[in-house]
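Working notes for the structure below.
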Amino acid sequence: MIPIRRNASASARFESAVPQQPTPDSVPDAAPEPVSVPDTSATPTGSQGAVVAEAAYVSRETPTREEDDPPLAMEAMRAVQILNPSGEVTMPRPERTRVMCVANQKGGVGKTTTTVNLAVALALHGNRVLVVDLDPQGNASTGLNVPHHTGVPDVYDCLINSVPLEEVAQGVEGIPNLWCVPATIDLAGAEIELVSVVARESRLSRAIDAYPGHFDYVFIDCPPSLGLLTVNALVAAQEVLIPIQCEYYALEGLNQLINNINLVRQHLNPKLDVSTILLTMYDRRTRLADAVEQDVRNHFGDKVLQAVIPRNVRVSEAPSYGQSVMTYDPGSRGATSYFEAAQEIAERGVKEPVGRNA
Ligand SMILES: Nc1ncnc2c1ncn2[C@@H]1O[C@H](COP(=O)(O)OP(=O)(O)OP(=O)(O)O)[C@@H](O)[C@H]1O
Ligand SMILES: [Mg+2]
3 MIPIRRNASA SARFESAVPQ QPTPDSVPDA APEPVSVPDT SATPTGSQGA VVAEAAYVSR
63 ETPTREEDDP PLAMEAMRAV QILNPSGEVT MPRPERTRVM CVANQKGGVG KTTTTVNLAV
123 ALALHGNRVL VVDLDPQGNA STGLNVPHHT GVPDVYDCLI NSVPLEEVAQ GVEGIPNLWC
183 VPATIDLAGA EIELVSVVAR ESRLSRAIDA YPGHFDYVFI DCPPSLGLLT VNALVAAQEV
243 LIPIQCEYYA LEGLNQLINN INLVRQHLNP KLDVSTILLT MYDRRTRLAD AVEQDVRNHF
303 GDKVLQAVIP RNVRVSEAPS YGQSVMTYDP GSRGATSYFE AAQEIAERGV KEPVGRNA
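Using the working numbering, the first residue of the sequence shown is number 3, and each one after it goes up by one.
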């Protein structure tokens with residue numbers, strides 16, 4: 003299988019990218035105003051969205067930028083400058099790869115949004131990050147603007163045909179040190195096909211373990227179910243990150259997820275640990291959001307990140323432009339909250355490493 007390369011700047015080879023912390027000092031003056039949103043009467047998606055995003059970029063005043071710099075790379079540098087103007091915030095690289103499974107069988111709670119934005123935030127601050135899109139919906143691939151149409155080598159090939167990750171991973175355009183293993187619609191059949199495959203629960207684990215030390219973080223974006231795909235993610239990971247939406251019913255079904263995690267820990271992966279809970283789509287105007295936050299903090303204690311992700315329209319707009327909110331509108335509350343969450347995760351990983359494969 004031939005590795006897909008979308009463009010020269012987006013390297014698909016794991017080895018070729020050197021981790022670099024972009025320094026805000028090195029960023030030319032850029033206009034810090036929020037990105038103006040083009041007319042979205044016909045909502046753009048995928049590459050069409052990227053074209054529109056470029057149009058939005060061109061419309062901004064960026065007089066000091068070098069002509070031939072790729073616009074998305076400039077967006078990334080601008081994001082770092084806005085999110086971390088003094089350059090004081092660092093996101094220390096962990097000693098070993100942290101494989102984090104982003105799971106919650108409840109749909110629409112922010113799993114994909116969290117995966118994409120944390121991955122981008124960490125990569126922008128010098129970490130080598132791989133996103134594995136393990137959801138047949140392919141939303142993480144869309145959010146990172148990685149091609150995932152039929153025929154593109156994807157995570158299905160890793161799981162069913164034992165194709166090495168390196169051959170299906172794509173470099174994410176404009177974000178150094180970030181790769182994505184996309185999901186195509188083929189993955190929809192994997193739940194059933196896996197049933198008859200040898201070592202069906204540990205296919206992803208084997209694929210990831212073939213690259214020891216290549217990444218600082220591997221984020222696995224799970225589908226909203228507890229089937230074999232999610233089990234593969236739980237077997238491959240050391241940590242589970244559970245996004246919880248600050249809404250009624252938020253905690254319903256969590257017991258089932260925790261039970262499954264306990265079963266996987268007992269039988270398949272003793273290293274597994276629920277290390278991180280992230281509250282998402284918090285709406286300060288409602289008392290309900292506050293009540294949910296209190297409930298979750300009482301229940302999960304310091305596993306819950308201090309950073310809380312607000313409901314923010316920029317977060318929901320970003321994927322239709324093939325971007326994370328970190329680059330789409332780095333000054334928005336959505337971006338700054340995900341930035342804080344990424345910082346906390348990075349610091350926790352250094353101070354109190356959890357469930358490492360030591
Ligand atoms: N903080 C936020 N503010 C506003 N909208 C958000 C926020 N986070 C996520 N969304 C929107 O909510 C929807 C669901 O988010 P997302 O796709 O990340 O959830 P998910 O848990 O991955 O869903 P699924 O279970 O279908 O995979 C998306 O339309 C997303 O853009
Ligand atoms: Mg999702």
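By construction, the Cβ of each residue, glycine as well, lies at the ideal position given by its N, Cα and C atoms.
Computed from a predicted model, the values in this text were never measured in an experiment.
Take residue i and list the residues in its own chain whose beta-carbon comes closer than 7 Å to its own, dropping the five residues that flank it on each side.
| i | result |
| --- | --- |
| A123 | M328, Y340, F341 and A344 |
| G140 | H150, P184, A185 and T186 |
| V266 | V233, L236, V237 and L274 |
| G48 | Because G48 sits at a pLDDT of 37, beneath the cut-off of 50, its placement in the model cannot be relied upon, and the following sentence gives the value as read from the coordinates. Taken in chain order, the residues that qualify are T144 and G324. |
| R299 | V306 |
| N119 | S326, V327, M328 and Y340 |
Should residue i be listed as close to ligand 1, given that the test is whether its C-beta is under 7 Å from any heavy atom?
| i | result |
| --- | --- |
| P258 | This sequence places Gln at residue 258; Pro is not what is there. Checking the Cβ of Q258 against ligand 1 gives no. |
| K305 | no |
| T115 | yes |
| D137 | yes |
| I311 | yes |
| M283 | yes |
| V148 | no |
| G336 | yes |
| V133 | no |
| V298 | no |
| V111 | yes |
| P332 | no |
| S318 | yes |
| N314 | yes |
So the candidates are the options; which of them puts its Cα closest to the Cα of residue i?
| i | options | result |
| --- | --- | --- |
| N163 | Q139, A192 and D304 | A192 |
| K113 | D275, M283 and C160 | M283 |
| D135 | A171, N179 and L243 | A171 |
| R287 | T152, N234 and N314 | N314 |
| G215 | L231, P96 and T338 | P96 |
| L74 | V174, G303, T115 and G229 | V174 |
| V242 | L146, D223, D137 and T144 | D223 |
| N262 | L230, I279 and L280 | L230 |
| T152 | V133, S207, P94 and A190 | A190 |
| L206 | I194, S277 and L167 | L167 |
| H127 | T144, F217, V91 and V111 | V91 |
| P312 | R299, V111, Y213 and M93 | V111 |
| C182 | S322, H269 and L146 | L146 |
| F302 | V220, A125 and L253 | L253 |
| E77 | G351, R350, K353 and A320 | A320 |
| F217 | V133, P226 and V310 | V133 |
| S277 | L256, D304 and R299 | D304 |
| T117 | G255, T338 and F221 | F221 |
| A309 | A142, L270, V197 and E349 | E349 |
| I177 | N129, V197, P272 and Y213 | N129 |
| S318 | P94, T115 and M93 | T115 |
| G109 | T338, L256 and L290 | L256 |
Quick one: residues in its chain with C-beta nearer than 6 Å to the C-beta of residue i, no 5 flanking neighbours on either side, listed in chain order?
| i | result |
| --- | --- |
| P332 | A81, I84 and L85 |
| R316 | V327, D331, S334 and G336 |
| I244 | N106 and I279 |
| L307 | L280, A343 and E346 |
| S61 | With a pLDDT of 29 at S61, under the threshold of 50, the modelled position of this residue cannot be trusted, and the question is left open. |
| A209 | C160 and L167 |
| V148 | Q172, C182 and P184 |
| D188 | Y158 |
| V131 | A121, L124, A125, L180 and Y219 |
| G351 | P96 and R100 |
Once you ignore the five residues that flank residue i on each side, which residues in its own chain have a CB closer than 8 Å to its CB?
| i | result |
| --- | --- |
| L259 | A105, N106, Q107, L228 and I244 |
| A10 | Its pLDDT being 36, under 50, A10 is placed unreliably in this model, and the value from its coordinates should be taken loosely. Closer than 8 Å at Cβ, skipping near neighbours: no residue. |
| P225 | L136, D137, P138, Q139, L231 and T232 |
| E195 | I162 |
Would you check whether ligand 2 has a heavy atom nearer than 7 Å to the C-beta of residue i?
| i | result |
| --- | --- |
| D159 | no |
| D223 | yes |
| N141 | yes |
Fill in: Contact between the region 285 to 300 and the region 236 to 254 (3+ Cβ pairs under 8 Å)
Flag = yes, the region 285 to 300 and the region 236 to 254 touch.
Worksheet item: Are three or more beta carbon pairs between the region 225 to 242 and the region 96 to 114 nearer than 8 Å?
Response: The region 225 to 242 makes contact with the region 96 to 114: 3 or more CB pairs, one atom from each, lie closer than 8 Å.
Item to complete: Flag this pair as touching only if the region 202 to 209 and the region 78 to 93 have three or more C-beta atom pairs under 8 Å; answer yes or no.
Response: no
Worksheet item: In the region 168 to 255, which residue ranges form an unbroken beta strand (DSSP E) of at least 3 residues, counting only runs that do not cross its ends?
Response: Counting only runs of at least 3 residues, the region 168 to 255 fully encloses the following beta strand (DSSP E) elements, listed from N- to C-terminal order: 180 to 183, 219 to 223 and 241 to 247.
Worksheet item: Which parts of the region 85 to 127 are runs of the alpha helix (DSSP H), unbroken and 4 residues or longer, counting only runs that do not cross its ends?
Response: Segments of the alpha helix (DSSP H) lying fully in the region 85 to 127: 113 to 126.
Item to complete: With a floor of 3 residues, list each beta strand (DSSP E) that falls wholly inside the region 286 to 347, ordered by position along the chain.
Response: 306 to 312
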